[in-house]
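All remarks here apply to the structure that follows.
2 protein chains.
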Amino acid sequence: MATAPLLQFQTFTSSPHVSFFQKLAQLKLDTFQLSDASQAISGFFELSTHADVPARFLVDDTAFGFDPSTSPDRAKHEWRVPGVLYNTNTLDAFKTIDKTALLDAARATVCEAIASDAPETLQYFVLVTFADLKSHTFWYRFAFPAVLPPSPYRVTSWAPATSAAWQPQPVALMQQLVDLREMTGDITTRNFPQHFMVDRALGTVLPLSATVADPAAVVFGLVDSSALPQHPGWPLRNYLAWIRRRFPAMTSVTLLLFRDAVHHWATVPPMVACKASIVATVEWSADDSVNAPKVVGWELNVQGKQGPRCMQLGNLMDPLQLAKTSVDLNLKLMRWRQLPSLDLDKIAATKCLLLGAGTLGCHTARNLLSWGFRHITFVDNSKVSHSNPVRQPLFEFGDVGKPKAETAAKALKRIFPLVQAEGHLLSIPMAGHAMSSSQVLEDTMHAYQSLEALIDGHDVIFLGTDSRESRWLPTVMAGAKRKLVINAALGFDSYLVMRHGIPDVVDLGCYFCNDIVSPSDSLSDRTLDQMCTVTRPGGAAIAGATAVELLVCLLHQPVSHSAPVTLDTTGGALSVVPHQIRGFLHSFSQVLVEGPAFPKCTACSAPVREAFVEDGWRLFASVCSSKTYLQDLTGLSALMASADALSFDGSDDSDDDALL
Amino acid sequence: MATAPLLQFQTFTSSPHVSFFQKLAQLKLDTFQLSDASQAISGFFELSTHADVPARFLVDDTAFGFDPSTSPDRAKHEWRVPGVLYNTNTLDAFKTIDKTALLDAARATVCEAIASDAPETLQYFVLVTFADLKSHTFWYRFAFPAVLPPSPYRVTSWAPATSAAWQPQPVALMQQLVDLREMTGDITTRNFPQHFMVDRALGTVLPLSATVADPAAVVFGLVDSSALPQHPGWPLRNYLAWIRRRFPAMTSVTLLLFRDAVHHWATVPPMVACKASIVATVEWSADDSVNAPKVVGWELNVQGKQGPRCMQLGNLMDPLQLAKTSVDLNLKLMRWRQLPSLDLDKIAATKCLLLGAGTLGCHTARNLLSWGFRHITFVDNSKVSHSNPVRQPLFEFGDVGKPKAETAAKALKRIFPLVQAEGHLLSIPMAGHAMSSSQVLEDTMHAYQSLEALIDGHDVIFLGTDSRESRWLPTVMAGAKRKLVINAALGFDSYLVMRHGIPDVVDLGCYFCNDIVSPSDSLSDRTLDQMCTVTRPGGAAIAGATAVELLVCLLHQPVSHSAPVTLDTTGGALSVVPHQIRGFLHSFSQVLVEGPAFPKCTACSAPVREAFVEDGWRLFASVCSSKTYLQDLTGLSALMASADALSFDGSDDSDDDALL
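Sequences listed follow chains A and B, in order. Take the first sequence: its letters are residues 17 to 676, numbered as in our numbering. Take the second sequence: its letters are residues 17 to 676, numbered as in our numbering.
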């Protein structure tokens, strides 16, 4: 007996799948966030099919909730093992986590299973991870806790099941096991248990919970993870501990180590399994105490030393997917501490139409991209000029001469290929500009229809063109269609960012509510500085950013763009929703302004909206052919007449900051 | 007499040179600005050398102040004509300018010359322009005012000067004229006058001012712009008017039309001129009154119709030069109305060092470029990651994996090729990070030296790195060297932009003046969101813009970066110069904060500066090897000890916004 060889076990080789880390990354980002509470997970082992193939322990994206109904084949060939995940928050925490304590905790779980007469599994695993989502690097360490016997086991016999001189016929037994695996019906019973007993006399497979009068009349069966010719797999350790706890009088046991060669199995299943499986006898010292067993099981690193393993997913991922994941990461991290309510799906789904792809449009688009907006459409009728690139952050010197809208859209795609960006070369029909020829009329009508279709197809309209009159028609159209309008405008060293009201819902003024004259041709007689939008460069960057921040706040209100003005700062980061933000670079200051809609407004008042709904094109054409049409329509003319009588002095047209 | 042919004149063909428009553009931008006051200018005509070559009237960059000493050759072959420029402010003004009134005004000038007995020139010209500097398009229209006789002149003889049957010998006369042209001495007299007389008997050249007893004894000489075989040039018109005013009894005159063939002239000058020149006799009706003469002279357009001509310079210019001109244009236009004191040369010469080429660095650089800064250097030690491009506006998806500093510099050059941008891959030595090996020590020392050299070579240091401790050494170095430091930092939805004080000059705090602990390693144990600088995207755009606006304000103070805090808004656009600007995205607000330097500051206090001046590297090494070194050095330790005794509760280290 003393000369019988020691029983040695093949360890598991952890084989976490990329999908596990992807799922972990997603959960960390979306669910766990800063929590490092332990998570119940599950892994699988399969039967090794060749002595050279390690006994793989698989963990994949099903680890956090495996549904066997979605992969019935898997349930035939893999055996589930419960485990626990400790995902640490920092690399330091990962490195310094108390591994002894974790194994102690796992020992309790294992011992509980050993103490059960009907354990589902005796195997268990521990996984410690640190997910560096920034670099797509995952640090991890597995433990497969196994009870150490006080003194080693010894193997007194070891032979293929085909050669075993015992009842029942091994092939018939194998057939039973294979049948178990092939059963239809309740999918959870489709596989056979990791451990089972075989009645030697009857040749029947019994569950561990069966009453056994004489353990010597039973063969103890085990699904063996090993394919090594001389060694069983790791799960046998805890199984032996269970046998010894269950039948304390025994000092030896006959084992059936069920093995299989899955890739041959389809041909003659029982015979293959029978040839691969092992019948062995193992014995131990009767003096051993199995109380308070010691547990081992930390996996070594790939160098065979104590230490963590690492998976660098960045190298494996599709670059586009990587870009998406990385960009999402930065956004989702906002939810961890600062903005739990951040609705990134809503942001990603919001379709933004940017009228004007100049200084304001480019800055706005950049900020939309940063915030996770994914549908961005530009409208512009001009080409990139030499002076544009330094101020319009979607253009380069090499873009000079190209159409702005299309070039801006292409730039967005170069920055983030997954954005849905497009550009339309389109002259926005301008109120007050005479349609001087039939060609102009036709072109304008075409542009009118294109603009309307674009507004219909988007959720938010940003006004960022370089004239007042080009903002009138979009204001009217979007107002009538109850689209959200965010208007940004620049003065020399000031800026205005505002949202338009929604008629009948939110009584807030639009861009034209402060005007008492119709928009008219302001472009024809301009000096050079008026042609060039002379502004301090910082204004556009700040206004573009502020416009997008305002939109994000609005999207997070219960009624989105119909939200009332809220200036209460106690409601959290996205709770303040002003009407207008006016900023002044010369004093580094910003004020919030609120103004109701003007009932005689040339753009958003009821008469204008009604005229638009009745026949929008006719309204527009009338505005172009008569300078007083809108003033008459809205009643402004009458107001001005009475105001004139009182020496009314309300015009602010002398303001240099023509767009504010 | 009635059968003699009518005298017809070859008009001038205006030939404005590109350099004229370039000069005009520059003057408009820098000097005239919004003024449309008339400007005295001058043009030149030369002798046409061939009948097929039009009589060109040249206007070039010397138009606004010709210095004959700089081009003596020119003074030999071109005759100067005074003129007046009306440069309009708008295209509309150009189109609608009152051309009749302009010609009337010119008639007065011409008539004044005719009334003079010694006119320098009888020719004059009017130029109306509109310079669309945005598109580099120049609209222009010339007039060469000429007095119309009441009835036409008639030519009674017309022959080459060589065949003339009159005294003196024409060749001898030509020799006199050519000698006049070749004279050395006072350069202004080097050429002969446009008009002169020749004493028939003596063969001598006389000025117009000479006393003439018998005009019939005189030949009236004129430099003739025409090379047509049968027609004199335009200047003869006013000359005839002068002759008739001066000698009212005359009804006919003998003319010497001096012509030349410049390209042959070098060979046998007098003979060539003699062969080309014309002696002609012209007569007119004695009944004519020359009072209140009518004046004509607007040049037709290239189609031969009334209308303006146009020069599109954009097509001719070097694209790089175009970019420079266009970019300068936008900046210079600010001086027209808003910022007359704007010192763009100072801005262009200011060398900016950006520490950190991430979100803040990229935004800052973009704004520097917009403002006309032309020396921008980046320092960064990292590579572009997948999440960067959407937030860092100098990177694209295709840049992922490239070093940030160099990539950012290249992007700036793609935007504006004339910028002097460079990137340095450099890890800024970080206070409180242990130098754990000799390699680390060596690398850090090298980085220390590189950083110091970079700070020495720049005027302004922007701090935009992603940790507190990486800002310490640059703060110490720049403070000791009295460089201007602009610090920008982001919280989740807030931002800070500040300038550091200058020790002993401006008592303002630095970034570390609010700290009561030394900067230490904050990078090793960070959760994912701390690693990723989770911020609302708008903050960086606003902070970057604000940082540059602050710098521009400082550069326009009399003492630049030593300027005291000024919050008085009455001093104009660049007069407010705060210390700190703190902004809050959640409330769309901004406040100005001012704080003095802290005498125990770990970065800018006297003990630290003195230790740096004595041995900067030793100071840095000490800070890295001892966590309390700085606190001991500055006296913070003692302060904290006494504070502890009083249950001092001043630490704000729990702030999530670690960088604010």
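Beta carbons are placed, not taken as given, at the ideal position from N, Cα and C, and that holds for glycine.
- Residue pairing by DSSP places H391/A opposite K367/A, Q436/A in a beta bridge.
- Not a single C-beta of chain B is nearer than 7 Å to the C-beta of E610/A.
- Going by C-alpha positions, A109/A is about 19 Å away from L316/A.
- Using a Cβ-Cβ cut-off of 7 Å, S403/A counts as an interface residue toward chain B, since at least one Cβ of chain B sits closer than that to its own.
- DSSP places S452/A in no alpha helix (DSSP H); its state is neither H nor E.
- Counting C-beta atoms within 10 angstroms of its own C-beta, P356/A has fewer than 16 neighbours from the protein chains shown and is therefore classed as exposed.
- Inter-segment contact for the stretch 398 to 416 of chain B and the stretch 566 to 580 of chain A is absent: fewer than three beta-carbon pairs are separated by less than 8 Å.
- H379/B and A424/B have their C-alpha atoms roughly 11 Å apart.
- Rounded to whole angstroms, the gap between the alpha carbons of A563/B and D361/B is 20 Å.
- Not flagged as an interface residue toward chain A: G372/B, since no C-beta distance is shorter than 7 Å.
- For the pair F141/B and T116/B, the Cα-to-Cα distance works out to about 14 Å.
- Look at Q647/B here: in three-state DSSP terms it is helix.
- Counting every other CB atom within 10 Å of its CB across the protein chains shown gives E565/A a total of 16 or more, marking it as buried.
- With contacts defined as CB atoms closer than 7 Å, G330/B and H152/B qualify as a contacting pair.
- Secondary structure note for Y511/B: its beta strand (DSSP E) is the uninterrupted segment 510 to 515.
- Note: I57/B is bridge-paired with G99/B in the DSSP secondary-structure output.
- Of the candidates S301/A, Q606/A, L256/A, P245/A, the residue whose Cα lies closest to the Cα of R275/A is P245/A.
- Judged by DSSP secondary structure, Q42/B falls within the alpha helix (DSSP H) whose first and last residues are 34 to 43.
- Rounded to the nearest whole angstrom, the CA to CA distance from C326/A to Y645/B is 38 Å.
- An exposed status is given to H66/B, since fewer than 16 other beta-carbon atoms sit within 10 Å of its beta-carbon.
- In this structure, the straight-line span from the alpha carbon of V568/A to that of G651/B is close to 47 Å.
- The Cβ neighbour count for E94/B, taken over all protein chains shown within 10 Å, is at least 16; the residue is labelled buried.
- Taking one beta carbon from each stretch, the stretch 67 to 74 of chain B and the stretch 38 to 58 of chain B have fewer than 3 pairs nearer than 8 Å; the two do not touch.
- Three or more beta-carbon pairs separated by less than 8 Å link the stretch 414 to 424 of chain A to the stretch 390 to 405 of chain A, which places the two stretches in contact.
- Spanning the alpha carbons of C617/B and S653/B requires a straight line of approximately 12 Å.
- Boundaries around T270/A are those of the beta strand (DSSP E), 268 to 274, since no alpha helix (DSSP H) includes it.
- At a cut-off of 7 Å between beta-carbon atoms, P553/A makes contact with chain B.
- Under the 7 Å criterion on CB atoms, R430/A is classed as interfacial with respect to chain B.
- It is roughly 24 Å from the alpha-carbon of V513/B to the alpha-carbon of L442/B.
- Bridge partners of V607/A according to DSSP: R598/A.
- DSSP places S30/B within a strand segment (E or B) once states are collapsed to three.
- Residue-level contact by beta carbon fails for V639/A and chain B, as no gap is shorter than 7 Å.
- In the DSSP secondary-structure assignment, H211/A is bridged to L238/A.
- Every beta strand (DSSP E) stretch that sits fully inside the stretch 121 to 195 of chain B and reaches 3 residues is listed by chain position as 141 to 148, 153 to 164, 170 to 176.
- Between R351/B and L345/B, the gap from beta carbon to beta carbon reaches 7 Å or more.
- Following the DSSP letters along the chain, one finds Q337/A inside the alpha helix (DSSP H) bounded by residues 335 to 348.
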